[in-house]
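Numbering (the working numbering), first residue to last: 25 to 254.
Working notes, structure below.
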């Protein structure tokens, strides 16, 4: 824990000069000492700034100028209600694998900011520069850290962001990452192909390239084939 805010209710009973200190444990962590010395005439204390979705136990020790006494019996385990995650997934990585697919990978939010059990992830994506609603893919299961987006446009830049969610709802999305799908083969042939006789041994061919919106990639050249008849 980074810090705590404490309030206390005093009993008004006069006690010898000693204090109590307050170890606590979030479950699955070692016992840690709160940075707090409770006055000797206090028998109740409120502890704030704990982490949603964690389970806690507490125990106490009295101490004086000679030293510390034994630990009390630990309290029952107390489960704090979950909230949505406080931070997004980390280290988003996107890799192009096909002309219509992107492989998206991530790490969960930092443990302290999960605020409960991660139930799954939301991936939002859309082509860069396209206005309108994002498409959102639900990836169920808190243990999932990758997903392949399919049925994408060929040779297109996509912006992608990932959010984790608990039973309460989703947390913030990660900053958008951008990646291109791979190139695809031209979908239509060259246009307006013409042949013109130059001489008894030569023919000139001319054409227009395919429309740019039908070329999911960069044209590197053209192949020419012929058919002969005597």
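Ideal Cβ positions, reconstructed from N, Cα and C, are used throughout, including at glycine.
What's the gap between the Cα of residue 73 and the Cα of residue 98? The count along the chain shown starts at 1 and reaches residue 73 at position 49. The count along the chain shown starts at 1 and reaches residue 98 at position 74. Cα-Cα distance, rounded: 20 angstroms.
Per DSSP, which residues does residue 151 bridge with? Please list them. For this step, residue 151 is matched to residue 127 along the chain shown. Paired residues: 182.
Per-residue burial, residue 190 [other beta carbons within 10 Å of its own, 16 or more giving buried]: By 1-based counting over the chain shown, the position of residue 190 is 166. If you draw a 10 Å sphere on the C-beta of residue 190, you find 16 or more other C-beta atoms in it, and that means buried.
Cβ separation of residue 109 and residue 129, assumed to be a contact under 8 angstroms, to the nearest whole Å: Sequence index remark: in the chain shown, residue 109 carries index 85 (1-based). Sequence index remark: in the chain shown, residue 129 carries index 105 (1-based). With a contact defined as Cβ atoms closer than 8 angstroms, residue 109 and residue 129 miss out at about 18 angstroms.
For residue 182, count neighbouring Cβ atoms within 10 angstroms of its own Cβ and tell me buried if that reaches 16, exposed if not. Residue 182 sits at position 158 when you count from the first residue of the chain shown. Classification of residue 182: buried, given that the 10 Å Cβ count is 16 or more.
Report the three-state DSSP secondary structure of residue 83 (helix, strand or coil). Against the chain shown, residue 83 aligns to sequence position 59. In this structure, residue 83 counts as coil in the three-state DSSP scheme.
Unbroken beta strand (DSSP E) run spanning residue 117, endpoints: Locating residue 117 in the chain shown gives position 93, where the first residue counts as 1. It spans 114-122 - the beta strand (DSSP E) in which residue 117 sits, taken as one unbroken run.
How is residue 202 classed by DSSP in three states: helix, strand or coil? Position 178 of the chain shown holds residue 202. Three-state result, residue 202: strand.
So, at 6 angstroms on beta carbons, what are the nonlocal neighbours of residue 31 in its own chain, with the 5 sequence-adjacent residues on each side left out? Here residue 31 is taken as the residue at index 7 of the chain shown, counted from 1. Summary for residue 31: the model assigns pLDDT 39, below 50, so the residue's position carries little reliability; its value from the coordinates is reported in the next sentence. Cβ-Cβ distances below 6 angstroms link residue 31 to 70 in the same chain, with the five nearest sequence neighbours on each side left out; the list follows chain order.
Please confirm whether residue 268 and residue 58 have their CB atoms less than 8 angstroms apart. The requested residue 268 is not part of the displayed model; the chain covers only 25 to 254.
Apart from the five residues on each side of it in sequence, which residues of its chain come closer than 8 angstroms, Cβ to Cβ, to residue 134? To locate residue 134, count along the chain shown from 1; it is residue 110. These residues qualify, in order along the chain: 111 and 114.
Those residues which DSSP pairs with residue 127 across a bridge: For the purposes of this step, residue 127 is taken as the residue at position 103 of the chain shown. In the DSSP secondary-structure assignment, residue 127 is bridged to 119 and 172.
Say the cut is 7 angstroms; is the CB of residue 101 nearer than that to a heavy atom of the ligand GDP? Annotation note on the ligand GDP: not contained in the displayed structure, which lists no ligands.
Excluding five sequence neighbours on each side, which residues of the same chain lie with their C-beta closer than 6 angstroms to the C-beta of residue 201? Looking up residue 201 in the chain shown gives position 177. If we look at residue 201 and ignore the five residues flanking it on each side, its Cβ neighbours are 116, 118 and 184.
Quick one: Cα of residue 188 to Cα of residue 79, how far? By 1-based counting over the chain shown, the position of residue 188 is 164. By 1-based counting over the chain shown, the position of residue 79 is 55. Roughly 20 angstroms separates the two Cα atoms.
Three-state secondary structure (DSSP) at residue 135? In the chain shown, counting from the first residue as 1, residue 135 sits at position 111. For residue 135, the secondary structure class from DSSP, reduced to helix, strand or coil, is helix.
Do residue 203 and residue 120 have their beta-carbon atoms positioned less than 8 angstroms apart in this structure? Walking along the chain shown from the start, residue 120 turns up at place 96. Walking along the chain shown from the start, residue 203 turns up at place 179. Inclusion of residue 120 and residue 203 in the CB contact set at 8 angstroms is warranted, their separation being smaller than that value.
Using CA coordinates, which residue listed in 95, 162, 168 and 173 is at the minimum distance from residue 123? As a first step, residue 123 must be located in the chain shown, where it is residue number 99. That would be 173, whose Cα lies nearest to the Cα of residue 123.
Status (buried if at least 16 other CB within 10 Å, exposed otherwise) for residue 205: Counted from its first residue, the chain shown places residue 205 at position 181. With a threshold of 16 other beta carbon atoms within 10 Å, residue 205 meets it and is buried.
Starting from the N-terminal side, write out each stretch of the beta strand (DSSP E) that is 3 residues or longer and does not extend beyond the region 210-239. Segments of the beta strand (DSSP E) lying fully in the region 210-239: 215-223 and 226-232.
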